[in-house]
Each structure stands twice: as C-alpha cells, then as structure tokens.
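Residue numbers (the working numbering): 29 to 457. For glycine and all other residues, C-beta sits at the position ideal for the given N, C-alpha and C.
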Ligand code: GDP
Ligand code: IMO
Ligand code: MG
C-alpha cells in the first residue's frame, strides 16, 4: 500500500496545492474527497501560476484526477475553471478528469442562500459565499441534485420541485424572490451536455487503480480546524476535513488511504471569523501577512496572521490522523529576531494543553509562549537541509517535538521545486 492522503492541519491555506502538485509526480491518480469551490489552491511552476478550486491539483502534472463523491460541485464554476486552466495551457478532457456520479451539485440558489444568511446574521461565519454549507445541508436532507441527475434530464422536473418546496419557503422568509423552476430546469439542461462527458464512478476508478497497483494521492481541502466535527464550531466549513473523510468521500475502505500527510504553515493564518488564540493584531502580524502574501485565493480577503500554535497542531495531528507533516512557508520567518510558539493556554487562570470545545472558552484563551531565536539568513528557495541556517533547523525540530509528528517535507517558496524531502511519504509511515 503506497497511497498518501494530504490534509490541512490548521485553518486552511497551508500550501496544500503546492505540496499535492509536487507529490503528484510520484502518484498515478489524484482524488479530491470533500469541500467545493470554497477551496483555493495556488500552484507555481516557474513563471506559470495556476489557481485551482474544484480541479484536483494533479491536473497540473496531467495525472488522472477524480472529483470524489464527497465534494460538492458547482458545475458552472467547474466549467469556468476548466476554461481558465485551458487558457493557461492545461487541457482538461474526460481522459484526465472524472466527476463522481454521486457528487452533489451546488446551484445558484445555494450561493444565494449562503449570501442571504451571511448578510442577515449578526454573528457572521465569514463563509466564502460559494453555497457550500447550503448544498451539504441539502445532501443530508436528501433533496439534493447530484451529478448523475444531469444524465437523466427527464427526471429533473420532479427533483427540482422537491428541492424548491424547501428552498422557496426559506427564500420567502428572507423576503427574496422564489426560484423559478422552469428557469432552473433550462439552465441545467443547458449545462448537462457539457458536464456529462466527465461523469463516472469514483469507487470503480479507485478499485481499478488498486487492482493495477497504482499509487493514489487523496487531496483534502480546508483543514482540521475547519472540520464540521473537530473544528472551531460554528466557525467551520460544512464537511469533514480529517483524513477519515478521504475514504468516505471517494469510495474506498479506511485502510486504502495510506500515509496521512498534514500540511502545516510555519506560522498561523485564518480567513473568516472565529477564535484565533495566537492572532497578532499588530505590526508583527502585518509583517507576517506581507511577507507571506496572505490574501485569500477565493475571496481576496486579507488573512488574519499570528504565531505558530503548537497546541492546535498537536490536536489536529491527533484528530486528523496525521503521520507526518509538510512544513511550509519557512522562508516567511526569515529575518525575525525572535519567534514565538504557543505551547499552552491560560483560561480563567487555569492552564490548558488543548483547545476546549466551547466557542466562548476558545475566544477567551490566552496563549502561553516559548520564544525561539530567529535567523537573519535567507531560507528562501532552499532545496536541501544543508542550506538551512542552524536556528531554522532548531525551529523545525522544536515544532516536530511539540506537535508529536515528524517533518516529511519542507517548503521554502511558492515554487514547486523549492521543496526539501526529508522522508518520502509514499514509502510509508
Ligand atoms: P492551500 O489552500 O492549502 O492550497 O494554500 P493556498 O494556495 O491557498 O495558500 C498558500 C499560499 O502560499 C499560495 O500562494 C502558495 O503559492 C504559497 N506558498 C506555498 N508554499 C510556500 C512556501 O513555502 N513559501 C512561500 N513564501 N509561499 C508558499
Ligand atoms: P483551502 O482549501 C481557508 C473558511 C471560510 C469560513 C469558513 C466557512 O484553500 O485551504 P464555507 O464557505 O466553507 O462555508 O466557509 O471556512 N474556509 C477556508 N479558509 N481555506 C479554505 O480552503 C477555506 N474554505 C473555507 O473562510 O471561515
Ligand atoms: Mg487556499
């Protein structure tokens, strides 16, 4: 068994896209298993930059790429993305891309509901307004449209009627116009012939891959602290982002997901609302944001920045099932005289070594820091361990110790090739 599952181990945007692109060279197939176009993954290869949201990051290396059943798919957005990367030279054909027949569709009404709720809420979640939450609700509510429904347009009117019976009540409540069933049907009929060539079976693709001893890379979006169960609820996304979801969201058994690689940024960022114990609302936070170019790929929002929180990552390593990590953006820490790492919290005078589940308690946590010496040398674009200054190595070693997981990969710039392999995740834990 030589498969690898990649998940985010903080609040997203850790550099999963870069690492998956790099790893996909060693894989035969790449499979997305949750989330939707709320994800934004930037991949840099020389002077070409690709921004992917729904397409598995394996497409950049021309690997067979599956959008698994656990993903919620906005078909219009998918076609736009295919056209966009097509203009950048990546031809996405049904030979490369398979969309699971049982993946749920995100419709304009989901985006609108997401926006209506966010705009009306006094306590916002800060969603990407891509309709992700509402479409997962419809999935669990057993009224969603799925990719396969586009193959049977004759069945659509009844399915649309069921869906709108629910949505139009909500829309009336928000004082919003009802959805016109005929217009939605026409839009779906229009898009169906463009999407259906990609529709296939995720579980059968993966079964065939297993029989042919192919290597599969499972690609997570978002991250464990945004997981619907294990994250900072309610400031989370609407899917499970832990490694276990790779199995459920693609149609394989739990033993098939292989080694779990958690992607960890060398500091912490978060986009959207919610608790963030090590957030720096000062010049140091600004400096991290500027050096790290911390602006969201999807919404362009400024990401909140703070010191590395080892308590959180230790917890996501445990809940997420992480065997080893890829530590990214080490270069962003170049030139800081000292670096702080959170090693515990204080809550109402008591010491804690974990993130409590209660959102009010999370908001009151005071970080307890350990200070490490920084380094003045550049680690940018370092491609070997030997090129790293001693204090950078000390930082990496201390991170490993605190989170209880070894570093497999180190990343020192956005570029694919600026990656140091300490141990090959495909070779096993
Ligand atoms: P993802 O959502 O986890 O795939 O991450 P994003 O692509 O949203 O955000 C990560 C950003 O950091 C992207 O702009 C990457 O190009 C960039 N990046 C990734 N690794 C590194 C690194 O090691 N150093 C620097 N400076 N930038 C990196
Ligand atoms: P990648 O894959 C960072 C955040 C949103 C919001 C919360 C809920 O690029 O790491 P949603 O639209 O999912 O209902 O929003 O989750 N969020 C992300 N933050 N990276 C992401 O994806 C995210 N996807 C969702 O900002 O706080
Ligand atoms: Mg991102």
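Buried or exposed for residue i, going by 16 or more other Cβ atoms inside 10 Å?
i	result
residue 479	It is not possible to answer for residue 479, since the shown part of the chain is limited to 29 through 457.
residue 455	exposed
residue 69	buried
residue 170	exposed
residue 409	exposed
residue 201	exposed
residue 131	buried
residue 53	exposed
residue 318	exposed
residue 109	buried
residue 268	buried
residue 168	exposed
residue 76	exposed
residue 197	exposed
residue 225	exposed
residue 151	exposed
residue 232	exposed
residue 96	buried
residue 313	buried
residue 386	exposed
residue 175	buried
residue 149	exposed
residue 41	buried
residue 147	exposed
Just to confirm my understanding: we take residue i, look at its own chain, exclude 5 residues before and 5 after, and list those with CB closer than 7 Å. What are they?
i	result
residue 270	35, 252, 255, 258, 347, 348 and 349
residue 412	448
residue 382	339 and 343
residue 137	195 and 207
residue 419	401, 402 and 403
residue 432	342 and 345
residue 302	260 and 263
residue 30	243, 286 and 454
residue 217	181
residue 39	251, 253, 254, 297 and 298
Excluding the 5 residues preceding and the 5 following residue i in the sequence, name in chain order all residues of the same chain whose CB lies nearer than 8 Å to its CB.
i	result
residue 209	185, 188, 189 and 192
residue 143	157
residue 375	384, 389, 392, 393 and 394
Are residue i and residue j touching if we call contact CB-CB under 8 Å?
i	j	result
residue 55	residue 244	yes
residue 102	residue 134	yes
residue 71	residue 93	no
residue 297	residue 453	no
residue 359	residue 441	yes
residue 373	residue 357	no
residue 279	residue 126	no
residue 181	residue 205	no
residue 354	residue 439	yes
residue 43	residue 421	no
residue 263	residue 203	no
residue 430	residue 371	yes
residue 450	residue 437	yes
residue 161	residue 266	yes
residue 444	residue 46	yes
residue 304	residue 332	yes
Using a Cβ-Cβ distance under 8 Å, would residue i count as near chain C?
i	result
residue 150	In the structure shown, chain C cannot be found, because there is only a single protein chain.
Within 7 Å: the Cβ of residue i and any heavy atom of the ligand SAM?
i	result
residue 301	Here the bound small molecules are the ligand GDP, the ligand IMO and the ligand MG; the ligand SAM is not part of this structure.
Kindly give me the distance between the Cβ atoms of residue i and residue j, rounded to whole angstroms, as I take these residues to be in contact under 8 Å.
i	j	result
residue 335	residue 362	Wrong, their Cβ atoms sit about 15 Å apart, outside the cutoff.
residue 98	residue 276	6 Å
residue 116	residue 249	Actually they do not touch by this definition, with Cβ atoms about 21 Å apart.
residue 260	residue 390	6 Å
residue 397	residue 379	13 Å between Cβ atoms; not a contact.
residue 178	residue 223	5 Å
residue 100	residue 163	4 Å
Skipping 5 residues on each side, what residues in its chain have a beta carbon closer than 6 Å to that of residue i?
i	result
residue 48	34, 85 and 247
residue 434	352 and 428
residue 212	188
residue 159	134, 138, 139 and 142
residue 88	49, 71 and 78
residue 166	172
residue 274	33, 61, 246 and 285
residue 112	none
residue 405	417
residue 106	82
The region 49-69 / the region 332-348 touching (three or more Cβ pairs under 8 Å): no
Decide yes or no for the touch test of the region 311-324 against the region 222-239: beta carbon pairs closer than 8 Å, at least 3 of them. no
At least three beta-carbon pairs within less than 8 Å, the region 304-315 to the region 276-287: no
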